[in-house]
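Going down the list, the protein sequences come from chains A and B. Residues in the first sequence are numbered consecutively from 2, following this note's numbering. Residues in the second sequence are numbered consecutively from 2, following this note's numbering. Ideal Cβ positions, reconstructed from N, Cα and C, are used throughout, including at glycine. Just so it is clear, the structure is predicted and the values come from calculations on it, not from any experiment. Reviewing the structure listed below.
Number of protein chains: 2
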Amino acid sequence: MNDVGRRRYATLAASLRARVQAGEWPPAIALPSEQALAQENGVALGTMRRALQVLVEEGLIERIHGRGTFVRSGLSGASMLRFFRFGSGRGGVPRSTIVSVKRVVTTAEVQRQLGSAPGAAALQLLRLRSFDGVPCVLEQIWLPLPDFELLAAGDPGDWGDLLYPLYAERCGVQVHRAVDEIGFGSLTAAQARHLGLPAGHPCAVVKRAAHDVAGRCVEVRVTRGDAHAFRYAVTLT
Amino acid sequence: MNDVGRRRYATLAASLRARVQAGEWPPAIALPSEQALAQENGVALGTMRRALQVLVEEGLIERIHGRGTFVRSGLSGASMLRFFRFGSGRGGVPRSTIVSVKRVVTTAEVQRQLGSAPGAAALQLLRLRSFDGVPCVLEQIWLPLPDFELLAAGDPGDWGDLLYPLYAERCGVQVHRAVDEIGFGSLTAAQARHLGLPAGHPCAVVKRAAHDVAGRCVEVRVTRGDAHAFRYAVTLT
DNA sequence: AAGTGGTCTAGACCACTCT
DNA sequence: GAGTGGTCTAGACCACTTG
């Protein structure tokens with residue numbers, strides 16, 4: 002609890018981080034100006050700027066010249082399709098089809114990732130994404146209940162093609178950070194049927210854990226697509 | 002060529018970048034101090050710091066408290082093994098076996114990546130890496146000639162287990178940046194034989210283009226390993 | 001015009017490394 | 001102790017967005 006010897010901007014950054022994670026500033030309403038924050042904390046303007054810069058680099062907030070400083074809203078460009086090259090997919094948003102929605106008791110593995118209690122309930126979705134009617138990837142998705150109770154009630158037909166905006170609008174859940182783990186496997190007969198591929202066909206498997214701004218896991222997702230369509234680039238420096 | 006209206010630190014950063022890429026400061030000898038650079042360019046210290054910070058973020062230089070500012074030397078942690086999970090590989094450096102070395106005329110694809118002229122010569126290596134005598138990944142490597150002429154002459158037996166330090170010591174080539182593109186495929190009979198797997202076995206394929214500090218491509222590499230041992234994590238924010 | 005973040009300055013003082 | 005980068009200050013001025 003003692004800050005002696007600690008860099009002042011780091012202390013300020015920690016304090017601001019806590020306030021952001023506690024939801025003090027909802028997305029779309031600005032934080033106090035750097036002037037105000039500096040005064041409030043009795044530090045020079047440059048020091049407060051430095052503290053804010055830390056949170057910017059963490060991806061927690063964004064600063065817009067002339068407008069203000071804002072808590073970053075949901076993830077953009079998180080589509081699984083970025084892992085695959087499909088002939089017709091010219092950057093557009095692929096169609097989403099919800100194959101099934103059921104209330105389940107999570108398996109131990111999913112439970113661990115969601116950080117929920119043993120025997121906790123979840124909503125399990127099966128979702129197919131396609132370009133021009135051609136199925137590309139198949140997704141299994143688990144959402145913790147009761148947070149997503151409103152989705153369990155609704156009609157999947159009007160959910161649209163993107164899930165994260167849906168989570169935000171209907172359930173007030175903002176996905177802020179995600180970790181994707183890439184692996185390899187082969188399709189079960191049932192999975193292959195949805196994708197129009199032979200059973201046992203090789204597939205890329207992307208396991209995602211998505212978290213909100215406070216670090217709580219709000220979605221577990223397993224995506225499968227044809228291994229031959231998989232491509233992903235990494236830059237090292 | 003005109004800097005009017007441009008941010009001063011960006012101009013300074015560009016100037017420094019050019020000098021670094023021209024090789025003005027070899028690795029291990031320090032750049033002038035920020036004081037000296039600021040004075041030399043007639044700007045405040047903070048502005049020069051900001052310019053240096055740009056190059057740090059680009060991964061071009063690194064600053065060490067109390068010692069000075071240095072051009073970053075070769076890539077570290079660039080091992081292909083980071084893409085795979087093998088039972089025995091507890092973080093150690095795997096053994097490297099050079100299967101073959103030959104002088105070749107590059108294919109169009111490799112030529113394009115190396116940025117060399119049509120019909121240009123290259124050195125082609127075939128390399129097997131193993132833990133405890135168990136082969137893990139197989140690599141095809143192309144190196145532009147005449148830059149790597151000294152390797153063509155030497156005995157692969159004394160090359161050791163790491164290539165990038167070898168490139169630096171024997172040929173004066175520093176690998177500074179690399180782009181790895183991940184995909185999936187299957188092994189040819191010859192490839193499978195080296196890895197002790199059946200022909201046609203699914204494999205992960207990592208295609209790398211490695212560049213020096215000036216941006217020139219100095220190595221093309223294709224690495225293959227058992228697809229079932231592949232795993233890679235990506236974080237999105 | 002008022003308010004926001006971005007750039008630049010000039011200087012003090014601190015922390016680390018080397019000799 | 002001399003020299004390096006890292007932190008912090010106090011303030012001027014600029015560029016962008018909004019009413």
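Beta-bridge pairing of residue i - partner residues as DSSP gives them
i: Asp227 of chain A; result: A:Cys204
i: Phe71 of chain B; result: B:Glu63
i: Val180 of chain B; result: A:Thr236 and B:Ala210
i: Trp143 of chain B; result: B:Gln125 and B:Val221
i: Ser187 of chain A; result: A:Pro203
i: Val138 of chain A; result: A:Arg130 and A:Gly226
i: Phe85 of chain B; result: B:Phe231
For residue j and residue i, the rounded distance between their alpha carbons
i: Ala179 of chain A; j: Arg113 of chain B; result: 35 Å
i: Trp160 of chain B; j: Val135 of chain B; result: 20 Å
i: Pro166 of chain B; j: Gly158 of chain A; result: 58 Å
i: Leu144 of chain A; j: Ile65 of chain A; result: 33 Å
i: Leu196 of chain A; j: His212 of chain A; result: 28 Å
i: Gly47 of chain B; j: Val219 of chain A; result: 42 Å
i: Gly239 of chain A; j: Val207 of chain A; result: A query on residue 239 of chain A cannot be resolved here, the shown segment of chain A reaching from 2 to 238 and no further.
i: Ala11 of chain A; j: Ala52 of chain A; result: 6 Å
i: Ile99 of chain A; j: Val235 of chain B; result: 26 Å
i: Pro33 of chain A; j: Leu198 of chain A; result: 54 Å
i: Arg194 of chain A; j: Lys103 of chain A; result: 20 Å
i: Met49 of chain B; j: Glu58 of chain B; result: 14 Å
i: Gln141 of chain A; j: His202 of chain B; result: 27 Å
i: Gly43 of chain A; j: Ser16 of chain A; result: 14 Å
i: Asp156 of chain B; j: Ala191 of chain A; result: 54 Å
i: Gly24 of chain B; j: Val214 of chain B; result: 9 Å
i: Thr107 of chain A; j: Gly93 of chain A; result: 33 Å
i: Gly120 of chain A; j: Ser74 of chain B; result: 52 Å
i: Ala39 of chain A; j: Gly69 of chain A; result: 15 Å
i: Arg7 of chain B; j: Pro147 of chain B; result: 41 Å
i: Gly67 of chain B; j: Glu41 of chain B; result: 21 Å
i: Leu164 of chain A; j: Val105 of chain A; result: 19 Å
i: Ala118 of chain B; j: Ala109 of chain A; result: 57 Å
Nonlocal neighbours in the same chain, by C-beta distance under 6 Å from residue i, ignoring five residues either side
i: Ser243 of chain A; result: A query on residue 243 of chain A cannot be resolved here, the shown segment of chain A reaching from 2 to 238 and no further.
i: Val72 of chain B; result: Val21, Trp26, Pro28 and Ile62
i: Leu151 of chain A; result: Arg171 and Cys172
i: Thr224 of chain B; result: Met81, Val138, Glu140 and Val207
i: Tyr233 of chain B; result: Phe84
i: Ile183 of chain B; result: Val207
i: Gln36 of chain B; result: none
i: Ala200 of chain B; result: Ala190 and Ala193
Beta-carbon separation (whole angstroms), residue i vs residue j, contact threshold 8 Å
i: Asp181 of chain B; j: Cys204 of chain B; result: The pair is not a contact, with the Cβ atoms about 15 Å apart (cut-off 8 Å).
i: Gly60 of chain B; j: Thr238 of chain A; result: 3 Å
i: Ala153 of chain A; j: Leu188 of chain A; result: Not quite, the Cβ-Cβ distance comes to about 28 Å (not below 8 Å), so this is no contact.
i: Arg1 of chain A; j: Arg209 of chain A; result: Chain A is shown only over 2 to 238; residue 1 of chain A falls outside these bounds and no answer can be derived.
i: Leu56 of chain B; j: Arg18 of chain B; result: 6 Å
Close-in-space but distant-in-sequence residues of the same chain around residue i (CB under 8 Å, 5 per side omitted)
i: Arg96 of chain B; result: Arg130, Ser131, Phe132, Gly134 and Asp162
i: Ile30 of chain A; result: Phe71
i: Val111 of chain B; result: Ala123, Trp143 and Val221
i: Gly116 of chain A; result: Arg217 and Cys218
i: Met2 of chain A; result: At Met2 of chain A the pLDDT is 47, less than 50, meaning the model places this residue with poor confidence; the figure from the coordinates comes in the next sentence. Result list for Met2 of chain A: empty, nothing under 8 Å.
Span of the alpha helix (DSSP H), counted from its first residue to its last, around residue i
i: Val102 of chain B; result: Careful: Val102 of chain B lies outside any alpha helix (DSSP H), inside the beta strand (DSSP E) at Arg96 to Val106.
i: Leu17 of chain A; result: Arg9 to Gln22
i: Met49 of chain B; result: Leu46 to Glu58
i: Ala215 of chain A; result: No alpha helix (DSSP H) holds Ala215 of chain A; DSSP gives it neither H nor E.
i: Val111 of chain B; result: Ala109 to Leu115
i: Glu41 of chain A; result: Glu35 to Asn42
i: Ala118 of chain A; result: Neither: Ala118 of chain A is in no alpha helix (DSSP H) and is coded neither H nor E.
i: Pro157 of chain B; result: No alpha helix (DSSP H) holds Pro157 of chain B; DSSP gives it neither H nor E.
i: Glu170 of chain B; result: Leu164 to Cys172
Contacts around residue i, its chain only, beta-carbon distance under 7 Å, and the 5 residues preceding and following it disregarded
i: Tyr168 of chain A; result: Val174 and Val176
i: Ala230 of chain B; result: Phe85, Arg86 and Phe87
i: Phe149 of chain A; result: Leu124 and Cys172
i: Arg9 of chain A; result: Val44 and Thr48
i: Ala14 of chain A; result: Ala52, Val55 and Leu56
beta-carbon residue i near the ligand ATP non-hydrogen atom, thresh 8 Å
i: Ala200 of chain A; result: Questions concerning the ligand ATP fall outside what the structure shown contains, since it holds no ligand whatsoever.
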